[in-house]
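Here's the structure, in structure tokens; my notes come after.
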């Protein structure tokens, strides 16, 4: 697993793909592109969990708060999200 | 495919359809929509809901939204927000530190806050090409909705809406979040909660009641490390990859676990380095370097402890005088500095102390050159037999031979000394790790490292940044 830390500089939601893309990094041009995606096979609980991560990313954009996105070492799919104390 | 960008002027939810008016004004806005159809799957509906939420957030925050839709269709395919060309960092709070990041920020950059009632222009206390720091967000910036931008030679950035509040200051303030990766090199500046006295008592540290002086020292420390003649930390824009965080927790108790510094007779304050990892963990921080800023006026001489690299984790090999050694990529105990609020800001103390703290106990210490003692393996100092000449060659590092400093600049080696150093980068001024107060011309802030230590440190920092 890997952690990517930074501000959510941009967030895109694509309903047709059930996809949210987050550009995370210290500046607008120094970012990693990571994503949250719902699969049609996700159980309801898993889907709600992913939606709640998208919610948090939305809040982070507006509050300028840092997030820590956890994903595979060679995978941009966000599996966990952390917001540390401020 | 068409793209519409603008402020979200109005949103209406009617008959399972969200209508969004997006544009510079309500009368000139494009009307776009998200239809919540019963034929959609739960998965699709949930992300339509997310897109609707994002539009609502954009409307409430004043952020522009970028919406992709068909050329001949008002149906929204995607919604984006953010995407400014600068990035304010964290909450905007009066009398607290405040950062804005970006790219290509000029040295004369100003931070401009604009509200319906007033425009306030603030000169940053630190300017780097990728971020600016205000030691304090002025109270002249009105509470509530403002917009902020950077202005300077060749730069007028986007306006970014921010909400300014009066209180409370933020305990953990990310100043610059560093490279977006696992464990960027992390430099933490903290207000020390308690002091262990010479007698062994634990007393509250006055720094926690002097936030103004703390912020001032934070700014000084960062300017000292990142803007002076010695470019150790900023070479190759390396500081762009580093993380900088301030921790000022006024609620931290005066207990032994929070006494991160210790008085030493007669006037030295040293970090209690074994406590740093556990102190920082609840704040979510894992440090490479810690500056513990304290308020003692009796024990205000700075002191540092070297890093202890984690030998169980990866490293980068190097050879010094034929001996194989390692630049460890991760610390097990961070390098640490105890720095007083009353530090003389005409000097080089933070950068000098970083010189110690960033080196490693076991694989190369960077030592004080104004002391003749040589204990263990020092990168920058060796000893010779008393009465023998200084060798022409100082050391061989990774196949390159480095000469000795025969003259110790204008300071000269006392006749009774046996220690000697590597040749300087700038032979006209004292070494950064020597008594820089005696620098020729009276300005310590132009002093640099010696050639070997600079090369060694460059490789060491490069190894850690690339981990």
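Protein chains in written order, with this note's numbering: chain A, 551 to 636; chain B, 2 to 468.
Quick reminder that beta carbons are idealized off the backbone N, C-alpha and C, glycines included.
Please read these numbers as outputs of a predicted model, since none were measured by experiment.
Using C-beta distances below 8 angstroms, list every residue in its chain close to residue 1(B), excluding the 5 sequence neighbours before and after it, in chain order. Missing from the structure shown is residue 1(B); chain B here goes from 2 to 468 and no further.
C-alpha gap between residue 427(B) and residue 220(B), whole angstroms: Counting from 1 along the second chain, the entry for residue 427(B) is found at position 426. Counting from 1 along the second chain, the entry for residue 220(B) is found at position 219. Going by the C-alpha atoms only, they are around 26 angstroms apart.
Just to make sure I have the definition right: I need the residues of chain A whose C-beta is within less than 7 angstroms of the C-beta of residue 290(B). Which are they? Against the second chain, residue 290(B) aligns to sequence position 289. Simply none; closest approach about 17 angstroms.
So the alpha helix (DSSP H) residue 455(B) belongs to, where does it begin and stop? For the purposes of this step, residue 455(B) is taken as residue 454 along the second chain, with counting starting at 1. Taken as a continuous stretch (DSSP letters only), the alpha helix (DSSP H) holding residue 455(B) covers 452-466.
Between the C-alpha atoms of residue 555(A) and residue 373(B), what's the straight-line distance to the nearest angstrom? To locate residue 555(A), count along the first chain from 1; it is residue 5. To locate residue 373(B), count along the second chain from 1; it is residue 372. Rounded to the nearest angstrom, the two C-alpha atoms are 44 angstroms apart.
For residue 462(B), tell me which candidate among 331(B), 449(B), 431(B) and 405(B) has the shortest Cα-Cα distance. Against the second chain, residue 462(B) aligns to sequence position 461. The option with the nearest alpha carbon to residue 462(B) is 331(B).
Under 8 angstroms by Cβ, that's how I've got residue 186(B) and residue 465(B) pegged, so tell me the actual separation to the nearest angstrom. The count along the second chain starts at 1 and reaches residue 186(B) at position 185. The count along the second chain starts at 1 and reaches residue 465(B) at position 464. Indeed, because the Cβ distance is near 5 angstroms, the residues count as touching under 8 angstroms.
For the beta strand (DSSP E) that contains residue 384(B), what are its first and last residues? In the second chain, residue 384(B) corresponds to position 383, counting from 1. It spans 382-384 - the beta strand (DSSP E) in which residue 384(B) sits, taken as one unbroken run.
Closer than 8 angstroms, Cβ to Cβ, to anything on chain B: give me those residues from the stretch 604-635 of chain A, in chain order. 604, 605, 608, 609, 611, 612, 613, 614, 615, 616, 618, 632, 634 and 635
To be precise: take each residue of the stretch 25-53 of chain B, compare its Cβ to all Cβ atoms of chain A, and keep it if any distance is under 8 angstroms. Which residues remain? 35, 42, 43, 44, 45, 47, 48, 49, 50, 51 and 52
Out of 601(A), 570(A), 614(A) and 636(A), which one is the CA nearest neighbour of residue 149(B)? The residue labelled residue 149(B) in the question sits at position 148 within the second chain. Selected option, being the one with the closest Cα: 614(A).
Return the residues of the stretch 67-85 of chain B that lie within a Cβ-Cβ distance of less than 7 angstroms from chain A, sorted by chain order. 78, 79, 80, 81, 82, 83, 84 and 85
Is residue 561(A) near residue 81(B), with beta carbons less than 8 angstroms apart? The sequence position of residue 561(A) within the first chain is 11, counting from 1. The sequence position of residue 81(B) within the second chain is 80, counting from 1. Closer than 8 angstroms, so yes.
Is it the case that the stretch 191-198 of chain B contacts the stretch 242-253 of chain B, given that we only count it when at least three CB pairs across the two stretches are under 8 angstroms? yes
Determine the chain B residues that contact residue 593(A) at a beta-carbon separation under 9 angstroms, and present them in chain order. Here residue 593(A) refers to the residue found at position 43 of the first chain. Ordered by position in chain B, no residue passes the 9 angstroms Cβ test against residue 593(A), which lies about 11 angstroms from the chain.
Measuring alpha carbon to alpha carbon, tell me which residue in 261(B), 223(B) and 256(B) is nearest residue 243(B). Counting from one through the second chain, the residue named residue 243(B) turns up at place 242. When each option's Cα is compared against that of residue 243(B), the closest is 223(B).
Identify the contact partners of residue 568(A) in chain B, using a Cβ-Cβ distance below 8 angstroms as the criterion. On the first chain, residue 568(A) is found 18 positions in, with the first residue counted as 1. Per Cβ cutoff of 8 angstroms: 44, 45, 47 and 48.
Starting from residue 248(B), trace the beta strand (DSSP E) in both directions and tell me its first and last residue. One-based indexing of the second chain puts residue 248(B) at position 247. That run of the beta strand (DSSP E) goes 244-248.
Suppose only complete runs of 3+ residues qualify. What are the beta strand (DSSP E) ranges in the stretch 194-219 of chain B, listed by chain order? 195-197 and 203-205
Using 8 angstroms as the cut-off, can you tell me whether the stretch 139-156 of chain B makes contact with the stretch 111-119 of chain B, which would need three or more C-beta pairs spanning the two stretches below that distance? yes
Tell me, to the nearest whole angstrom, how far the beta carbon of residue 553(A) is from that of residue 618(A); I am working on the premise that it is less than 8 angstroms. Taking the first chain and counting its residues from 1, one reaches residue 553(A) at position 3. Taking the first chain and counting its residues from 1, one reaches residue 618(A) at position 68. Sure, about 5 angstroms apart at Cβ, within 8 angstroms.
Tell me the residue span of the beta strand (DSSP E) that contains residue 164(B). For the purposes of this step, residue 164(B) is taken as the residue at position 163 of the second chain. Residue 164(B) -> beta strand (DSSP E) spans 161-166.
By DSSP, does residue 279(B) sit in helix, in strand, or in coil? Reading the second chain from its first residue, position 278 is the one you call residue 279(B). Looking at residue 279(B) - three-state DSSP - the assignment turns out to be helix.
Strictly under 8 angstroms for the Cβ-Cβ distance: is residue 667(A) near chain B by that measure? Any answer about residue 667(A) is impossible in this case: the structure gives chain A only from 551 up to 636.
Return yes when the Cβ of residue 176(B) is within less than 8 angstroms of the Cβ of residue 88(B), no when it is not. Here residue 88(B) refers to the residue found at position 87 of the second chain. Here residue 176(B) refers to the residue found at position 175 of the second chain. Not closer than 8 angstroms, so no.
Separation of residue 584(A) from residue 350(B), as counted between CA atoms: As a working note, residue 350(B) is residue 349 in the second chain. As a working note, residue 584(A) is residue 34 in the first chain. Distance between the alpha carbons of residue 350(B) and residue 584(A): 41 angstroms.
Span of the alpha helix (DSSP H), counted from its first residue to its last, around residue 292(B): Sequence index remark: in the second chain, residue 292(B) carries index 291 (1-based). Not the alpha helix (DSSP H): residue 292(B) falls in the beta strand (DSSP E), residues 290-295.
Contact defined as beta carbons within less than 8 angstroms: I believe residue 452(B) pairs with residue 403(B). What is the distance between those atoms, to the nearest angstrom? Here the question's residue 452(B) lines up with position 451 in the second chain. Here the question's residue 403(B) lines up with position 402 in the second chain. Contact flag correct, Cβ pair sits at about 6 angstroms.
Please report the straight-line C-alpha distance between residue 74(B) and residue 178(B), rounded to a whole angstrom. Translated into positions along the second chain, residue 74(B) becomes position 73. Translated into positions along the second chain, residue 178(B) becomes position 177. Those two C-alpha atoms are separated by around 40 angstroms.
Checking contacts by CB at 8 angstroms: is residue 58(B) closer than that to chain A? Reading the second chain from its first residue, position 57 is the one you call residue 58(B). Closer than 8 angstroms to some Cβ of chain A, the Cβ of residue 58(B) qualifies, so yes.
Relative to the C-alpha of residue 341(B), which residue among 361(B), 347(B), 292(B) and 91(B) is closest? Translated into the one-based positions of the second chain, residue 341(B) becomes position 340. Closest by alpha carbon: 292(B).
Are any of the Cβ atoms in chain B nearer than 8 angstroms to that of residue 553(A)? Locating residue 553(A) in the first chain gives position 3, counting from the first residue. Answer yes: the Cβ-Cβ gap between residue 553(A) and chain B drops below 8 angstroms somewhere.
When burial is assigned at 16 or more other CB atoms within 10 Å of the CB, is residue 409(B) buried or exposed? The residue given as residue 409(B) occupies position 408 in the second chain. Buried is the call here.
Are the beta-carbon atoms of residue 165(B) and residue 142(B) separated by less than 8 angstroms? Your numbering for residue 165(B) matches position 164 in the second chain. Your numbering for residue 142(B) matches position 141 in the second chain. Yes, the pair counts as a contact, with Cβ atoms nearer than the cut-off.
Is residue 344(B) helix, strand or coil by DSSP? Residue numbering aside, residue 344(B) sits at position 343 when the second chain is read from its first letter. The answer is coil: DSSP assigns residue 344(B) none of H, G, I, E or B.
Quick check on DSSP: helix, strand or coil for residue 45(B)? In the second chain, counting from the first residue as 1, residue 45(B) sits at position 44. Three-state DSSP puts residue 45(B) in a helix.
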